[in-house]
Amino acid sequence: MRNSRLIKLPFWLTYLFLYLPILVVVIMSFNSSSNLFVWRGFSLEWYPAVFADEAIMTGLRNTLIVATLVTLLATALGTLLAVGIHRYTRGGLVRAFAIAPALLPDLLLAIGLLSLFSLLGVTLGLHSVVIAHVTFAMAFVTAIVLARLANMDPNLEEASQDLGAGAVRTFMRVTLPQLAPGIVAGALLSFTLSLDEFVMAFFTAAPTTPTLPIAIYSMVRFGVTPEVNALATMLLFVSVLTVIGAQRLTRVTDSL
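Numbering (the working numbering), first residue to last: 6 to 261.
And the structure:
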């Protein structure tokens with residue numbers, strides 16, 4: 006029994022290392038003191054202060070716009086790309102190029118996109134951030150949907166076509182429902198990645214259109230404030246709800 010506990014010790018230490026800072030941020034977001042290292046009582050005063058901060062709300066609005074557009078575009082393009090690769094290519098070269106943006110360093114991809122925008126004369130703004138985020142988010146969707154396609158039964162599509170359904174109807178009524186769990190997972194991943202992505206947004210956003218991570222970075226350069234802790238706690242709560250909802254939706258889809 007003693008040896009068993011010692012074996013599990015690194016496991017629990019790893020979880021403690023990962024989640025203790027998050028727990029501290031959540032707890033200190035309810036601290037009535039503006040000093041982050043002194044607890045003076047429970048308070049919710051910093052949460053209304055988040056919504057009263059114009060810089061945070063501007064960044065949040067821009068981030069939600071970008072994340073929503075990125076989710077829609079990356080999910081659609083990534084799904085179609087995965088289906089095309091699965092059906093019409095052989096070997097791993099095309100697949101590797103499709104997934105490469107997910108493996109490249111963010112800094113390298115950001116500098117490359119900024120250079121491309123400068124070469125083409127594209128002005129920076131939310132549209133350039135959307136393009137940048139779609140570039141790497143689409144790779145994640147492609148990888149997830151490809152994994153789903155590998156486990157899909159091809160006989161169902163053949164049976165649909167034998168029964169007289171065309172290619173489009175077979176895709177919409179047979180293929181797409183089977184891919185739904187992977188598509189939902191890819192959409193969720195695209196949204197969360199775009200929501201908190203900083204490096205590419207920092208290089209491709211205009212000074213007048215900062216995203217939320219850029220706004221937070223501008224604030225924490227002078228020290229972490231209680232408003233930042235409150236904002237981080239709310240984002241964590243939204244992320245957890247999104248993950249739980251996606252898991253339940255995936256289970257419902259798998260049971261159909």
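The beta-carbon is built from N, C-alpha and C at its ideal position, and this holds for glycine as well.
Exercise for review: Give the straight-line distance between the Cα atoms of tryptophan 17 and threonine 213, rounded to the nearest whole angstrom.
Suggested key: Along the sequence shown, read from residue 1 onward, the residue named residue 17 stands at position 12. Along the sequence shown, read from residue 1 onward, the residue named residue 213 stands at position 208. When rounded, the distance between both Cα atoms is 44 Å.
Practice item. Can you have a look at glycine 126 and say buried or exposed, based on whether 16 or more other CB atoms are within 10 angstroms of its CB? Key: For the purposes of this step, residue 126 is taken as residue 121 along the sequence shown, with counting starting at 1. By the 16-neighbour rule on beta-carbons within 10 angstroms, glycine 126 is exposed.
Exercise for review: Quick one: residues in its chain with C-beta nearer than 7 Å to the C-beta of serine 195, no 5 flanking neighbours on either side, listed in chain order?
Suggested key: Taking the sequence shown and counting its residues from 1, the one referred to as residue 195 is at position 190. When the five nearest sequence neighbours on each side are left out, the beta carbons in the same chain lying within less than 7 Å of the beta carbon of serine 195 are those of Val75, Thr76, Ala79, Thr80, Ala142, Phe145, Val146, in order along the chain.
Exercise for review: Leaving out five residues on either side along the sequence, give the residues of the same chain with a beta carbon under 7 Å from the beta carbon of alanine 285.
Suggested key: Past the boundaries of the shown model lies residue 285; the chain is included only from 6 to 261, so the question cannot be answered.
Exercise for review: From the DSSP output, read off the bridge partner residues of phenylalanine 47.
Suggested key: Stepping through the sequence shown from its first residue, residue 47 is reached at position 42. Answer is Asn36.
Point to revise | Cα-Cα separation, threonine 3 to glutamate 202 | key: The chain is shown only over 6 to 261; residue 3 falls outside these bounds and no answer can be derived.
Exercise for review: Tell me whether isoleucine 12 is buried or exposed, calling it buried when 16 or more other Cβ atoms sit within 10 Å of its Cβ.
Suggested key: What you label residue 12 is simply residue 7 of the sequence shown in a count that begins at 1. Flag for isoleucine 12 reads exposed.
Check your understanding: Can the beta-carbon of valine 31 be found less than 7 Å from the beta-carbon of threonine 238?
Key -> Position 26 of the sequence shown, counted from the start, is the residue given in the question as residue 31. Position 233 of the sequence shown, counted from the start, is the residue given in the question as residue 238. For valine 31 and threonine 238, yes; Cβs fall inside 7 Å.
Review point. So the alpha helix (DSSP H) glycine 117 belongs to, where does it begin and stop?
Key: Along the sequence shown, read from residue 1 onward, the residue named residue 117 stands at position 112. Secondary structure note for glycine 117: its alpha helix (DSSP H) is the uninterrupted segment 111–125.
Check your understanding: Would methionine 205 pass as a contact of alanine 107 if the rule is Cβ separation under 7 Å?
Key -> For this step, residue 205 is matched to residue 200 along the sequence shown. For this step, residue 107 is matched to residue 102 along the sequence shown. Against a cut-off of 7 Å, the Cβ pair of alanine 107 and methionine 205 comes out as no contact.
Exercise for review: Run through the stretch 185–231 for me and flag every whole beta strand (DSSP E) of 3 or more residues, listed as ranges in chain order.
Suggested key: As far as the stretch 185–231 is concerned, it has no whole beta strand (DSSP E) run of at least 3 residues.
Check your understanding: Can you list, in chain order, the residues of its chain whose CB lies under 6 Å from that of asparagine 234, leaving out five sequence neighbours each side?
Key -> For the purposes of this step, residue 234 is taken as residue 229 along the sequence shown, with counting starting at 1. Once the five neighbours on either side are set aside, the close Cβ partners of asparagine 234 are Val30, Met33, Ser34.
Check your understanding: Between threonine 84 and the rest of its own chain, which residues show a CB-CB distance below 6 Å, the 5 nearest in sequence each way excluded?
Key -> One-based indexing of the sequence shown puts residue 84 at position 79. Beyond the five residues adjoining it in sequence on each side, threonine 84 comes within less than 6 Å, by CB distance, of Val150, Ile188 in the same chain, given in chain order.
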